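A.B. asks: Can you keep this structure in mind? I'll have questions shortly.
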Ligand SMILES: [Zn+2]
Ligand SMILES: [Zn+2]
Ligand SMILES: [Zn+2]
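Residue numbers (the working numbering): 2 to 339.
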């Protein structure tokens with residue numbers, strides 16, 4: 002990384018340049034592409050940037066819409082398919098059992114779809130507008146450690162990152178998630194975590210109910226040449242395994258469409274549950290440590306934020322201010338300790 006030069010006082014016979022933040026003319030000892038203004042604290046970066054290619058932006062938006070559509074269709078299939086496949090059996094056990102599971106399915110469906118909608122279709126969190134560009138308006142350290150977003154043509158705080166897929170600067174950006182077609186930032190991070198919680202609980206419920214219902218309609222396994230007393234040699238164990246797999250596959254072919262849907266729901270819900278549990282665990286660990294995924298991969302300075310349960314409580318307890326302790330300058334960290 003290039004050296005950051007702080008210009009505290011004009012030096013005669015140096016390189017003259019201009020601060021984008023306060024508009025003051027600065028004299029640097031020599032030409033440097035990155036420097037910090039001694040008055041407003043803004044960081045100027047004169048390095049050339051790669052221009053955004055139009056088709057690359059459109060491709061990423063298209064990819065997001067495909068993922069979001071697939072995910073929505075999958076959720077609707079799990080809800081409708083699960084109800085169609087499992088509810089006749091649940092209602093056959095008793096009317097009360099059917100009603101009980103109807104209520105659970107309703108609650109889980111509403112919580113999953115509503116948290117998904119809030120995470121996906123709500124703005125991830127635009128940073129507040131800052132006055133910039135002229136000396137009398139921008140005061141001393143008024144833009145401390147701010148950089149300039151060339152895409153949005155506006156100041157960008159250390160807690161803000163520009164997302165090229167969303168085409169905007171996002172406050173406390175965690176990552177861009179193609180499955181919700183949106184960034185995860187200050188305004189929707191809690192909804193995203195709620196969505197992950199809801200998916201983990203819902204898929205656990207789907208796997209339990211589909212296993213229970215599947216056992217009732219699964220045809221009995223018919224084994225051939227399986228000798229339980231002779232499976233301790235490698236060849237005999239392989240033969241036994243082959244017999245079990247063959248019996249499983251031949252039974253699966255006898256399954257009704259309902260049974261096949263239950264089998265698919267079991268495999269899909271277990272796979273999704275494992276993947277989302279890992280993601281949720283990773284997210285909770287970052288919140289516990291008081292950082293975001295972007296901080297984690299870029300090793301950015303996140304100030305004096307200590308790991309601890311207080312970060313988790315703040316994150317879930319105070320909707321809009323909670324994320325201030327995530328990322329940001331050391332000032333933000335200090336103000337939260339008061
Ligand atoms: Zn300045
Ligand atoms: Zn931007
Ligand atoms: Zn984004």
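Glycine included, each C-beta is placed from N, C-alpha and C at the ideal position.
It should be emphasised that the depicted structure is a prediction, and the values quoted were computed from it without experimental measurement.
Quick one: give me the first and last residue of the beta strand (DSSP E) that residue 181 is part of.
C.D. replies: Here residue 181 corresponds to residue number 180 of the chain shown, with the count starting at 1. Residue 181 -> no beta strand (DSSP E), and no H or E assigned at all.
A.B. asks: Can you tell which of 191, 186, 315 and 137 has its C-alpha closest to the C-alpha of residue 25?
C.D. replies: Sequence index remark: in the chain shown, residue 25 carries index 24 (1-based). That would be 137, whose Cα lies nearest to the Cα of residue 25.
A.B. asks: Just how far apart, CA to CA, sit residue 184 and residue 218?
C.D. replies: Within the chain shown, the letter at position 183 stands for residue 184. Within the chain shown, the letter at position 217 stands for residue 218. Between residue 184 and residue 218, the C-alpha separation is close to 43 Å.
A.B. asks: If you draw a straight line from the C-alpha of residue 297 to the C-alpha of residue 186, how long is it?
C.D. replies: Translated into the one-based positions of the chain shown, residue 297 becomes position 296. Translated into the one-based positions of the chain shown, residue 186 becomes position 185. Roughly 15 Å between the two C-alpha positions.
A.B. asks: Using a strict less-than 6 Å threshold between each residue's beta carbon and the heavy atoms of ligand 1, what residues do you get?
C.D. replies: 20, 22, 23, 25, 38, 40, 41 and 43
A.B. asks: Leaving out the 5 sequence neighbours to the left and right, which residues in its chain are closer than 7 Å to residue 194 when beta-carbon positions are compared?
C.D. replies: Position 193 of the chain shown holds residue 194. Contacts found: 284.
A.B. asks: Please classify residue 19: does DSSP put it in a helix, a strand, or coil?
C.D. replies: Counting from one through the chain shown, the residue named residue 19 turns up at place 18. Residue state, collapsed to three classes: strand.
A.B. asks: To the nearest angstrom, how far is it from the Cα of residue 113 to the Cα of residue 196?
C.D. replies: Along the chain shown, read from residue 1 onward, the residue named residue 113 stands at position 112. Along the chain shown, read from residue 1 onward, the residue named residue 196 stands at position 195. Straight-line Cα distance between these residues: approximately 6 Å.
A.B. asks: For residue 49, which of helix, strand or coil comes out of DSSP?
C.D. replies: Locating residue 49 in the chain shown gives position 48, where the first residue counts as 1. Coil.
A.B. asks: Could you tell me whether the Cβ atoms of residue 343 and residue 125 are closer together than 8 Å?
C.D. replies: Outside the modelled stretch of the chain, which goes from 2 to 339, sits residue 343, for which no answer is possible.
A.B. asks: Under a three-way DSSP split, which group does residue 63 fall into?
C.D. replies: Taking the first residue of the chain shown as 1, we reach residue 63 at position 62. DSSP places residue 63 in helix when its eight states are reduced to three.
A.B. asks: In whole angstroms, what separates the C-alpha of residue 270 from that of residue 33?
C.D. replies: Here the question's residue 270 lines up with position 269 in the chain shown. Here the question's residue 33 lines up with position 32 in the chain shown. Each residue's alpha carbon lies about 55 Å from the other.
A.B. asks: Could you pull the start and end residues of the beta strand (DSSP E) that residue 155 belongs to?
C.D. replies: Numbered from its first residue, the chain shown carries residue 155 at position 154. Element bounds for residue 155: 155–157.
A.B. asks: How many angstroms separate the CA atom of residue 209 from the CA atom of residue 216?
C.D. replies: One-based indexing of the chain shown puts residue 209 at position 208. One-based indexing of the chain shown puts residue 216 at position 215. Near 11 Å, if we compare the C-alpha coordinates of residue 216 and residue 209.
A.B. asks: Would residue 171 and residue 162 qualify as a contact pair, given that the criterion is a beta-carbon distance under 8 Å?
C.D. replies: What you label residue 171 is simply residue 170 of the chain shown in a count that begins at 1. What you label residue 162 is simply residue 161 of the chain shown in a count that begins at 1. Yes, Cβ-Cβ distance for residue 171 and residue 162 is below 8 Å.
A.B. asks: For residue 113, report the span of its alpha helix (DSSP H) as first-last.
C.D. replies: Indexing the chain shown from 1 puts residue 113 at position 112. It spans 96–122 - the alpha helix (DSSP H) in which residue 113 sits, taken as one unbroken run.
A.B. asks: In or out: residue 258 buried (at least 16 other Cβ within 10 Å) or exposed?
C.D. replies: Position 257 of the chain shown, counted from the first residue, corresponds to residue 258. Around the C-beta of residue 258, fewer than 16 other C-beta atoms lie within 10 Å, and the residue is accordingly described as exposed.
A.B. asks: Looking at residue 146 and residue 295, is the spacing between their C-beta atoms short of 8 Å?
C.D. replies: Along the chain shown, read from residue 1 onward, the residue named residue 295 stands at position 294. Along the chain shown, read from residue 1 onward, the residue named residue 146 stands at position 145. Inclusion of residue 295 and residue 146 in the CB contact set at 8 Å is not warranted, their separation being larger than that value.
A.B. asks: Is residue 131 near ligand 2, judged by its Cβ being under 7 Å from some heavy atom?
C.D. replies: In the chain shown, the residue the question calls residue 131 occupies position 130. Not under cutoff, so the answer is no.
A.B. asks: I want to check one thing, is the minimum distance from the CB of residue 177 to the heavy atoms of ligand 2 below 7 Å?
C.D. replies: Walking along the chain shown from the start, residue 177 turns up at place 176. In this structure, the C-beta of residue 177 stays at least 7 Å away from each heavy atom of ligand 2.
A.B. asks: Taking the C-alpha atoms as reference points, what is the distance between residue 177 and residue 160?
C.D. replies: Position 176 of the chain shown, counted from the first residue, corresponds to residue 177. Position 159 of the chain shown, counted from the first residue, corresponds to residue 160. For residue 177 and residue 160, the gap between their C-alpha atoms comes out near 15 Å.
A.B. asks: Relative to ligand 2, what is the chain-ordered list of residues with a Cβ closer than 5 Å to any of its non-hydrogen atoms?
C.D. replies: 150, 152, 153, 163 and 170
A.B. asks: Would you give the residue range spanned by the alpha helix (DSSP H) that residue 256 belongs to?
C.D. replies: The count along the chain shown starts at 1 and reaches residue 256 at position 255. Element bounds for residue 256: n/a, residue is neither H nor E.
A.B. asks: Rounded to whole angstroms, what's the CA-CA distance from residue 75 to residue 202? Just pull it up for me.
C.D. replies: Counting from one through the chain shown, the residue named residue 75 turns up at place 74. Counting from one through the chain shown, the residue named residue 202 turns up at place 201. Using only the alpha carbons, I get a separation of about 16 Å.
A.B. asks: For a test of the three-state rule: what should DSSP assign to residue 292, helix, strand or coil?
C.D. replies: To locate residue 292, count along the chain shown from 1; it is residue 291. Per DSSP, reduced to three states, the secondary structure at residue 292 is coil, with no helix or strand assignment.
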